[in-house]
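Keeping their order, the protein sequence lines are chains A and B. According to UniProt numbering, the first sequence is numbered sequentially starting from 1. According to UniProt numbering, the second sequence is numbered sequentially starting from 1. Okay, structure first, notes after.
Protein chains: 2
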Amino acid sequence: MKGSENANFIPNLSYDCVIFGFNGKTLKILILEYQNTGFFALPGGFIKKNQSLKEAVHQGVEERTGLKNVFLDQFQIFASLERSDPFAMRRILEANNKNIEENNWMMNRFITVGHYALINYEDVDPKPDHLSDSIGWYAIEDVPRLMMDHNDIVDKALEVLRNNISEKIIGMNLLPQKFTMKQLQQVFEAILDQKLRRTSFQRKMLSLDILERHEKLFEGKAHKAPYLYSFT
Amino acid sequence: MKGSENANFIPNLSYDCVIFGFNGKTLKILILEYQNTGFFALPGGFIKKNQSLKEAVHQGVEERTGLKNVFLDQFQIFASLERSDPFAMRRILEANNKNIEENNWMMNRFITVGHYALINYEDVDPKPDHLSDSIGWYAIEDVPRLMMDHNDIVDKALEVLRNNISEKIIGMNLLPQKFTMKQLQQVFEAILDQKLRRTSFQRKMLSLDILERHEKLFEGKAHKAPYLYSFT
DNA sequence: TATCTATTGTCTCACTTTATGACAATAATT
DNA sequence: AATTATTGTCATAAAGTGAGACAATAGATA
Numbered sequence: 001m002k003g004s005e006n007a008n009f010i011p012n013l014s015y016d017c018v019i020f021g022f023n024g025k026t027l028k029i030l031i032l033e034y035q036n037t038g039f040f041a042l043p044g045g046f047i048k049k050n051q052s053l054k055e056a057v058h059q060g061v062e063e064r065t066g067l068k069n070v071f072l073d074q075f076q077i078f079a080s081l082e083r084s085d086p087f088a089m090r091r092i093l094e095a096n097n098k099n100i101e102e103n104n105w106m107m108n109r110f111i112t113v114g115h116y117a118l119i120n121y122e123d124v125d126p127k128p129d130h131l132s133d134s135i136g137w138y139a140i141e142d143v144p145r146l147m148m149d150h151n152d153i154v155d156k157a158l159e160v161l162r163n164n165i166s167e168k169i170i171g172m173n174l175l176p177q178k179f180t181m182k183q184l185q186q187v188f189e190a191i192l193d194q195k196l197r198r199t200s201f202q203r204k205m206l207s208l209d210i211l212e213r214h215e216k217l218f219e220g221k222a223h224k225a226p227y228l229y230s231f232t
Numbered sequence: 001m002k003g004s005e006n007a008n009f010i011p012n013l014s015y016d017c018v019i020f021g022f023n024g025k026t027l028k029i030l031i032l033e034y035q036n037t038g039f040f041a042l043p044g045g046f047i048k049k050n051q052s053l054k055e056a057v058h059q060g061v062e063e064r065t066g067l068k069n070v071f072l073d074q075f076q077i078f079a080s081l082e083r084s085d086p087f088a089m090r091r092i093l094e095a096n097n098k099n100i101e102e103n104n105w106m107m108n109r110f111i112t113v114g115h116y117a118l119i120n121y122e123d124v125d126p127k128p129d130h131l132s133d134s135i136g137w138y139a140i141e142d143v144p145r146l147m148m149d150h151n152d153i154v155d156k157a158l159e160v161l162r163n164n165i166s167e168k169i170i171g172m173n174l175l176p177q178k179f180t181m182k183q184l185q186q187v188f189e190a191i192l193d194q195k196l197r198r199t200s201f202q203r204k205m206l207s208l209d210i211l212e213r214h215e216k217l218f219e220g221k222a223h224k225a226p227y228l229y230s231f232t
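In structure tokens form, the structure reads like this:
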């Protein structure tokens, strides 16, 4: 049947990506809005037949953020029967004046591979893709209702980020190259959604032997200047 | 093209499962041998178009072990371009006198979802499937060379089991309902591949508040009888 | 029946790690 | 020179862990 498949892509398989950034105060993620539909969604896409999953996701992240080689983790498959929503896909295609017949394959069942990415907020210039008219940062507590099961994907990504990721990976990817101990602490407070004790945090981080101390940062404030650190 | 797809299954997607069992001494996994090929592989299969991934894997585990509702965790996708091996698939089909044309789809590229299962060794009566002539338990240190990237899947499953799983889940699923503290310790020693101190282990487990103490177990040995425990 | 053996449950003491608060140092302002 | 806000570090208490000691005990032995 015409359009029931696309020769370029592996059928029934997609990826979605929760792209985390830290603006100095709160943890944020990138969310797309599809033109004239009111639908919000995670950045995602399909895997070409001659492409590894990893390549596909890196390419998708680069298209939306301009960043290459970001930290990416593939954390779970979402494969229930109920998750696909052919009616929503049809509306998105219609709103973009795409030929429904030709794009019929997009209304099939999709099993998606959930990823999250950690990126340096300052480096990003978010760009919408060809089906969406906006892409923007949303604080983790202000994420709107997303399409299909994308809210579940966000929740699970955050859970994995909280539980399974090393201090070094978090700090290296969400902060600039040099940072103060306070900034590092604020990243963890934003991720864990709880205040941490300053002295314990500092002692713990220094004992992990993953930090290198550099010059002081003079912010022009009337108090002792903090050291800058980088990861070893 | 005839046989390039199978109408029942989602194309290009499979699952594989590392089924862990504990025989009282060592940690073992179930491995299949395909008829007349010398190929060893993990139990795995395909996902029907009207079936969730979870259902598919549970069904596959049940067919090989007779066990329903076992603990299952879907821990990673394996999606590189190099992982598929159409020549090996062809040999397996030939050795089983299967029609190559009709089963052409099995020689496509497959992305597989790696799972592991924890089961009670005593409850299992392993059964080969229609393409394999043997299925058996192999101690984790004696796993033979497996097809494709299945050894990588085993290694990763063990890594996840070691790092990310709670005491309760491990004990509940790998041991009988009632067990002694020594048995519990042996499970952990087998998984971690290291000896643990008896007294520290006992104190730790009791402090976790996940155990209920029952009657003593009289084994007929000339020493103090241990208590039996179950998980709360 | 009394003694012996192997293993279990618990306790102790030393050591390490973590929590919490105290305090001096200091960059800029007043 | 005194003040303010924040930083780096130390002191002490509390909690957790490692390593061994020891009494309790189920059955074997004599």
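Using N, Cα and C, we set each Cβ at its ideal position, and we do this for glycine too. Computed from a predicted structure; not experimentally measured.
Check: Assigned exposure category for Ile100/A - 16 Cβ within 10 Å defines buried; Outcome: exposed
Check: Chain-ordered neighbours of Ser80/A on chain B, where CB pairs are closer than 7 angstroms; Outcome: Ser52
Check: Contacts of Gln76/B in chain A (Cβ-Cβ under 8 angstroms); Outcome: Gln74
Check: Exposure of Gln177/A, with buried meaning 16 or more beta-carbon neighbours within 10 Å; Outcome: exposed
Check: Span of the beta strand (DSSP E), counted from its first residue to its last, around Lys48/A; Outcome: Gly44 to Lys48
Check: Contact residues within the UniProt domain "Nudix hydrolase" (12–162) of chain A, judged by C-beta distance below 8 angstroms to chain B; Outcome: Asn12, Leu13, Ile47, Lys49, Asn50, Gln51, Ser52, Leu53, Lys54, Gln74, Gln76, Ile77, Ala79, Ser80, Leu81, Arg109, Ile111 and Val113
Check: Interface flag, Ile191/B vs chain A, CB-CB below 8 angstroms; Outcome: no
Check: Residue range of the beta strand (DSSP E) that includes Ile19/B; Outcome: Phe9 to Phe22
Check: Partner residues on chain B for Ile10/A, Cβ-Cβ distance less than 9 angstroms; Outcome: Pro11, Asn12, Leu13, Arg109 and Ile111
Check: For Gln183/A, the three-state DSSP class (helix, strand or coil); Outcome: helix
Check: Asp149/B burial status per 10 Å Cβ neighbour count (16 or more: buried); Outcome: buried
Check: Host alpha helix (DSSP H) of Glu94/A (start-end); Outcome: Pro86 to Ala95
Check: Where the beta strand (DSSP E) containing Val113/B begins and where it ends; Outcome: Ile111 to Leu118
Check: Spatial distance of Val57/A from Thr112/A (CA atoms); Outcome: 12 angstroms
Check: Asn6/B: contacting residues in chain A (beta-carbon distance under 9 angstroms); Outcome: The premise fails here: Asn6/B is roughly 12 angstroms from chain A at the closest Cβ pair, so nothing lies under 9 angstroms.
Check: Length of the line joining the Cα atoms of Arg90/B and Gly60/B; Outcome: 22 angstroms
Check: Anticipated Cβ contact below 8 angstroms, Ile31/A with Leu42/A, distance rounded; Outcome: 7 angstroms
Check: Chain B residues whose Cβ lies nearer than 8 angstroms to that of Asn164/A; Outcome: Asn164
Check: Nearest residue (CA-CA) to Phe20/B, options Lys156/B, Met181/B and Ile140/B; Outcome: Ile140/B
Check: Any beta strand (DSSP E) of 3 or more consecutive residues that is wholly inside the region 168–226 of chain B; Outcome: 211–216
Check: For Lys216/A and Asn120/B, the rounded distance between their alpha carbons; Outcome: 58 angstroms
Check: Start-to-end residues for the alpha helix (DSSP H) that takes in Gln59/B; Outcome: Leu53 to Thr65
Check: Coil, strand or helix - Ala157/A by DSSP; Outcome: helix
Check: Own chain residues within Cβ distance below 8 angstroms of residue 302/B, not counting five before or after; Outcome: With chain B covering only 1 through 232, there is no way to say anything about residue 302/B.
Check: Separation of Gly66/B from Asp125/A, as counted between CA atoms; Outcome: 54 angstroms
Check: Beta-carbon proximity of Asn96/A to Leu118/A, cut-off 8 angstroms; Outcome: no
Check: Contact belief for Pro144/B with Phe40/B at Cβ below 8 angstroms, rounded distance in angstroms; Outcome: 5 angstroms
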